[in-house]
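**Student:** One structure, pasted below without further comment.
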Ligand SMILES: [Zn+2]
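Numbering (UniProt numbering), first residue to last: 1 to 192.
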């Protein structure tokens, strides 16, 4: 994983990284657990992108482009606002994490959600993520656990490039039949 900081992100004290979950959902996360708090997720970066196993469109350089619609920008409770995240990701140290595509759009969160207090349209930027698949934090296909900075990488179990899937050591050590049952249940859920 690629670890970065910026003063807009918790005063630059903690290391951050970008995680990908459920195919095409991107998150700003802490690179590891700090102190006793297990909480690592800072902001869902593309809340208005429907969750899908279909890969996102890639830039000419072959990197994913997302509408930067941050969950923190839609919350009345968290003081970290979208401009802070855009600035932080553009000027992160030791290298930028995103590049602006020069496109903006007014956008609403997914229909039916009540997670976000600001459910009205807001203007968001289209951005290109400058990280390779190997520089992202990978999530476990089975339990959703995230890779931790300094720990072993999860095993790749399917897909390719930015559509790869991974399994954590704990889940991969369970009998294959348990994983097969999980797979069937997940496919069933997706069809409901
Ligand atoms: Zn797992």
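C-beta: ideal position from N, C-alpha, C; glycine also.
1. Starting from residue 125, trace the beta strand (DSSP E) in both directions and tell me its first and last residue.
2. Does the distance from the C-beta atom of residue 162 to that of residue 55 stay below 8 Å?
3. Note down the Cα distance separating residue 26 from residue 108, rounded to an integer number of angstroms.
4. Between the alpha carbons of residue 49 and residue 24, how many angstroms are there, rounded?
5. Pick out every residue whose C-beta is nearer than 5 Å to a heavy atom of ligand 1: which are they, in chain order?
6. Under 6 Å Cβ to Cβ from residue 148, same chain only, skipping five residues before and after it: list those, please.
7. Grab me the residues of residue 51's own chain with a C-beta within less than 8 Å of its C-beta, minus the 5 sequence neighbours each way, in chain order.
**Tutor:** Taking the coordinates as given:
1. As a first step, residue 125 must be located in the chain shown, where it is residue number 125. Run containing residue 125: 122 to 129, per the beta strand (DSSP E) assignment.
2. In the chain shown, residue 162 corresponds to position 162, counting from 1. In the chain shown, residue 55 corresponds to position 55, counting from 1. Their beta carbons are under 8 Å apart, which means residue 162 touches residue 55 by this criterion.
3. As a first step, residue 26 must be located in the chain shown, where it is residue number 26. As a first step, residue 108 must be located in the chain shown, where it is residue number 108. The alpha-carbon atoms of residue 26 and residue 108 are separated by roughly 17 Å.
4. Here the question's residue 49 lines up with position 49 in the chain shown. Here the question's residue 24 lines up with position 24 in the chain shown. One C-alpha to the other measures close to 8 Å.
5. 140, 142, 143, 145, 168 and 171
6. Mapped onto the chain shown, residue 148 falls at position 148. Correct list, in chain order: 32.
7. Along the chain shown, read from residue 1 onward, the residue named residue 51 stands at position 51. Counting only Cβ-Cβ distances below 8 Å, and skipping sequence neighbours, we find 22, 23, 24 and 25.
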